[in-house]
Structure formats: C-alpha cells, structure tokens
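Residue numbers (my numbering), protein chains in the order written: chain A, 6 to 466; chain B, 1176 to 1291.
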C-alpha cells in the first residue's frame, strides 16, 4: 500500500527523472520501509519523503535533461520554451515550499486543461486520418466512429429528431440494399442479404421500429446472419454526416504536413530506459509519404536497444502503410502482414530485413489500452499472430474499419468490405472484439509491467 | 571558462562525494552513509539524492559502475557509483576550504570546546 502511495508521488516527477531514476527511487523507498518499521520511524520516513518531494520537484521541473541521460525526440523541442537557471545558489526553504506548492497547482491545471484540449481536438485529427484514407479506393474512412458508438450516440433518438417514419425507413432500407448489391465483395451473398431484408420489410417486421439506432443494429444482425462478416455494418449517427468526404486537396495535404511537423509525426517520446530498453511512444500511424524520415530516425534512435517497448496506449490508428513499415523493423525476412483493408498482393509482405537494423531479434513489448484503435490494433494483431511481441495492457478498442464507407443519408451509413484479404490466422480479426493482450493489466500499469518483463527476459539471456 | 553547475559545491553533493571515498556504493547505501557521517542530520530523500547524483555524473565527479546485487539487501541488482579522480580532487579542495574557514573561526574564538 505505502509503496503504491510513493509510486503515485513519484508520478509527479517529470518523465526524464522517472525514466532514469524512477526504479531506483522506488527501490530506495522499499529499502527504507523495510529497515524503518514502527510508528515513529515510519512517520519520519513519510515526513522525509514529503519534504524531499517539495524541495526536489521544482528543481526537477527546472532541470534541462542532458541527452546522455534521457533524450526526448529532438524535433519535439522545436518551438517549445526552454528554462535556464541564472542563479546557482540554492533558494531559501520558504521559497522552495511556496514554489513547490505553486508548481503542483500549475501542473494539475495544465494536466486538466490538456486533457480537455485533447478531447476536443481528437475528432479533427481523426477526420484528417479519414481524408488521408480517401485516396485509396479500398480504404475505409477511419473518421467513422466505432460501430459501438452508433448505439451510444443514439440516446434518446426520439427526443432528438423525432421517431423514424415509414418513408424514412424505406429510404434507408432501399439505400442499404442498393449499396450491398453494388459494393459487397461476395455478389451471391449480397443478393441473398438484399432478398432477406426486402422480405422482412414485406412481412412488416420493421413496422414497429421507430428507433433509428435499433433499426441499424437489427439490419446489421440480419445481414450477418447470411454472411458472418464483422466488417459489414449499418451505422446510425445522431449528428448529421458530412455531405462529401474531405478530398485530398493541396490545402488539406499542406495542413496535414504542418500538423505532423508540429506533432513530430505523433512520435510523442523516444527514450532509452535503464537496462538499455528502447521506448517509443507513438500516438498514430501517420502517412509514410509525409513521415517516413521521422519514423526512420525514431527507429534509428532505438536501434541499439536490447529490448523494445512500443507504447500504443494513446494510438488511434492511421495509415496501414506505416503500420507495415514499422513492423518491417522487427523481422529479418519478409513476413506476411495481414491488412483487412487490402487485397493480398506481393505488397502484403514486410520489407524486411531493413538495412542496418539491429532490432529483428530483440524482445518486443507493445502497450495497449481500450483506446488503442484501428491501425494500432492491426500492429498489435499481426505481431501477436506472428508471435513477435508480447502485448501488455488492456483489450484494444475493436475497430477494424476495413469496410469502405458509404453514406446513405444524413444519419445512416454503411461499412462494406470490397476486398478479400487472406487472414492466415483465423476467420475473424479484431473487428468489434479487439485484440486481447498476452499480459492483462490496467493501461496505467502497462509500462511498469512491460519493463519488469523485459528486465527479467534480459537477465535470463 | 564556463561556470560549473556545482560551483559552489552544495553540501548534499559534498556529503555524497565524502560517502563515496573508499568504496563504491548504491543509492540506499549512500543515503545511509550520509546519515551516519552527519549524525542523522541529513537524510537524503530519493528526489534530492538522485538529482544530486545526476549532477555529479554530468560533471564527471562520480561515475556509474556495472549493476550488481547487494548480498545484504536481497537479489535486486543495483547501480553502484564510484568517485572519479576529479571528484576526489574537488572533495579535497572543498575540505581544504572548510578547514581554512575553521581556522578563521577558531582564531576569532567563536567556537566553544577545545577539540575543534
């Protein structure tokens, strides 16, 4: 219990300190807790720790980490303010105390507001990913919410837009049938599904249904009774869908490039942790045409690590090409890379071995959360199936988005698979069920667990 | 010549250098040694200890040795730290500076007792 409390206190320290000395600080706490038993020694220990945190926290936040100890992604620092100390004398204890308290308040405020900003900013980013995806005819629009979102977004539909009337229901049904016949990869199955839906309508099975979300769920189930394809969906969205998907205009591309530049292609953090464990925190899989060089630089940075951790806990997916590109570093020969969005072709093998790469035989850990989505799940799924990585964390979100998106009206749309990708592992991938981790722990504890696993593994070798 | 980060040498850093004279120690052993040599007046918390260790490492005053176990404390491997010759030199000159100060204090008879 008290160790957990101290681990929580340690989280207040900046990541460069935790990355380099977090384990040792915790070890020191364990040592003292073991040797200082009893009420008064324990009280003194905690007073020491609290005083220590008050004194050392502001100092750590003012410290500019030296690249030898912990190097964050270099581009990440561009444009960010840096802090230098002009005075070398130690501040008075009173100043330190008030400084410490003020830092705590400021950090908490920053953390809360960043979370808010992140929440409101994420739809724009996903839409961007969608815009990128529209280039390939067989690629799905990843801007579409998860299938599960349809039901949750629908409450209460009657109060929002009134109940669905028969005319609207018929239009949606006709749209569904037309799209199925025109686009579904298996023509016979498409015809059977269309006939079944038409028959249900004829028998009046939908007459009592006024709830749009329930209608979408029912039709999806009835289509899948004919062909058990989890990539085939009819979705209802409470907010009106855009008329046209955003095209690949030069302005859109320029904006995307600028966003990627500002976000260092979403490589949030690169570090070499103690025991020479490489750590890559990646928050999307950006377009390799824009981000190939930063991606190569990131992999070069961790090239001499003895083990590698990919942190995908905040990764919402992106371009399958980048998923495959990064996957290529983990093999010394071309491996079949399953992608439900593409037909199986000679492009479906990784470009391994990557010249100069040392990571092909190193232990790999991938950190997951319930927010790990779409392309990030492909990375997890393929590495798990190929037994090339240990997944640590939570079951992923379950978004495959491998059907091509077709808008039916302002509130309904369909995901329809138009390609047949060979899945050598199982008839189902992660669509709707997510990827199960090998080691199930809370996302917040995933890094600590993976580090322990990696250290044990390296000790044995 | 650029000003060194540890100039003047903070007392924490000086105590750590003194603790490392004679043997290589890991973090917890340094903490205990410092407590012992200051008669428990200075108990270094992890934040202060490791930020001082980092500053000393960056200045080349101490160095890291290969991690190994401490048989008295269990099987966990620990990072050990060693005094470098630059660290020893700095500790000596700091001790000399304090001895000079002490001489002045003694001459001005502000110290009680005979043995200081």
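For glycine and all other residues, C-beta sits at the position ideal for the given N, C-alpha and C.
Quantities reported herein were computed from a predicted structural model and do not represent experimental measurements.
**Asked** Does DSSP put residue 233 (chain A) in a helix, a strand or coil?
**Response** Under the three-state reduction of DSSP output, residue 233 (chain A) falls in the coil class, being neither helix nor strand.
**Request:** Enumerate, from N- to C-terminal direction, the unbroken beta strand (DSSP E) stretches of 3 or more residues contained entirely within the stretch 1227–1288 of chain B.
**Result:** Whole beta strand (DSSP E) segments, 3+ residues: 1237–1244, 1252–1258.
**Message:** Can you tell me whether residue 421 (chain A) is helix, strand or coil according to DSSP?
**Reply:** strand
**Message:** Suppose the cutoff is 7 Å on Cβ atoms and the five residues either side in sequence are ignored; what does the same chain contact list for residue 28 (chain A) look like?
**Reply:** 279
**Asked** Apart from the five residues on each side of it in sequence, which residues of its chain come closer than 6 Å, Cβ to Cβ, to residue 1192 (chain B)?
**Response** Excluding positions up to five away in sequence, the list reads 1262, 1266.
**Prompt:** Taking Cβ positions, are residue 1219 (chain B) and residue 57 (chain A) nearer each other than 9 Å?
**Reply:** yes
**Request:** With a cut-off of 8 Å on the beta carbons, I'd call residue 299 (chain A) and residue 272 (chain A) a contact; round off their distance for me.
**Result:** 6 Å
**Item:** Interface partners of residue 65 (chain A) on chain B, CB under 8 Å
**Value:** 1222, 1226
**Prompt:** Which word fits residue 290 (chain A), buried or exposed, when buried means at least 16 other C-beta atoms lie within 10 angstroms of its C-beta?
**Reply:** buried
**Prompt:** Taking DSSP as the reference, what is the three-state secondary structure of residue 278 (chain A)?
**Reply:** strand
**Request:** Measure the Cβ-Cβ separation of residue 363 (chain A) and residue 308 (chain A) and say whether it is below 9 Å.
**Result:** yes
**Prompt:** Could one say the Cβ of residue 20 (chain A) lies closer than 9 Å to chain B's Cβ atoms, at least one of them?
**Reply:** no
**Item:** Three-state class that DSSP yields for residue 186 (chain A) in the structure shown
**Value:** If DSSP states are grouped into helix, strand and coil, residue 186 (chain A) belongs with the helices.
**Request:** Pull up the CB-CB distance for residue 455 (chain A) and residue 314 (chain A), whole angstroms please, since I reckon it's below 8 Å.
**Result:** 5 Å
**Prompt:** What are the complete alpha helix (DSSP H) segments, minimum 4 residues, inside the stretch 360–443 of chain A?
**Reply:** 380–390
**Any C-beta of chain B under 9 Å from that of residue 60 (chain A)** = Contact with chain B is found for residue 60 (chain A), since one of that chain's Cβ atoms lies less than 9 Å from the residue's Cβ.
**Message:** Let's see if you can read the secondary structure: which residues bound the alpha helix (DSSP H) around residue 343 (chain A)?
**Reply:** Note, residue 343 (chain A): premise wrong, no alpha helix (DSSP H); not H, not E.
**Prompt:** Interface residues of chain A around residue 1206 (chain B) at Cβ under 7 Å?
**Reply:** 33
**Message:** Is there a C-beta anywhere in chain E that falls below 9 Å from the one on residue 56 (chain A)?
**Reply:** You won't find chain E in this structure, because its protein chains are A and B.
**Request:** Kindly give me the distance between the Cβ atoms of residue 107 (chain A) and residue 1203 (chain B), rounded to whole angstroms, as I take these residues to be in contact under 8 Å.
**Result:** Contact between residue 107 (chain A) and residue 1203 (chain B) is ruled out by a C-beta separation of about 31 Å, above the 8 Å threshold.
**Request:** Classify residue 331 (chain A) as helix, strand or coil using the three-state DSSP reduction.
**Result:** helix
**Asked** Is residue 272 (chain A) helix, strand or coil when you go by DSSP?
**Response** DSSP places residue 272 (chain A) in strand when its eight states are reduced to three.
**Request:** Could you name the residues of the same chain whose beta carbon sits closer than 7 Å to that of residue 221 (chain A), not counting the 5 residues immediately before and after it, in chain order?
**Result:** 155, 239, 240, 241, 417
**Request:** May I ask you to list, following chain order, the residues of the stretch 299–328 of chain A that have a beta carbon less than 8 Å from some beta carbon of chain B?
**Result:** none
**residue 458 (chain A) at chain B interface by Cβ criterion, 9 Å** = no
**Message:** According to DSSP, is residue 154 (chain A) part of a helix, a strand, or is it coil?
**Reply:** Confidence at residue 154 (chain A) is low in this model, with a pLDDT of 37, below 50, so its placement is unreliable and the value that follows should be read with caution. Correct three-state label for residue 154 (chain A): helix.
**Message:** Would you say residue 188 (chain A) lies against chain B (beta-carbon separation less than 9 Å)?
**Reply:** no
**Request:** Thinking residue 303 (chain A) and residue 368 (chain A) are a contact (beta carbons under 8 Å), I'd like their distance in whole angstroms, please.
**Result:** 18 Å between Cβ atoms; not a contact.
**Request:** Answer with yes or no whether the minimum CB distance from residue 15 (chain A) to chain B is below 9 Å.
**Result:** yes
**Message:** Along the stretch 1250–1262 of chain B, where does the CB come closer than 9 Å to a CB of chain A? Name the residues.
**Reply:** Cβ contacts with chain A come from 1251, 1252, 1253, 1254.
**Message:** If you reduce the DSSP assignment to three classes, tell me which class residue 316 (chain A) lands in.
**Reply:** strand
**For residue 241 (chain A), the residue or residues it bridges with in DSSP** = Beta-bridge pairing links residue 241 (chain A) to A:417.
**Item:** Per DSSP, the bridge partner or partners of residue 290 (chain A)
**Value:** A:323
**Asked** What in chain A is Cβ-close to residue 1218 (chain B), meaning under 7 Å?
**Response** Per Cβ cutoff of 7 Å: 53.
**Asked** Are the beta-carbon atoms belonging to residue 234 (chain A) and residue 422 (chain A) less than 9 Å from one another?
**Response** yes
**Prompt:** Can you tell me where the alpha helix (DSSP H) with residue 1187 (chain B) in it begins and where it stops?
**Reply:** 1186–1194
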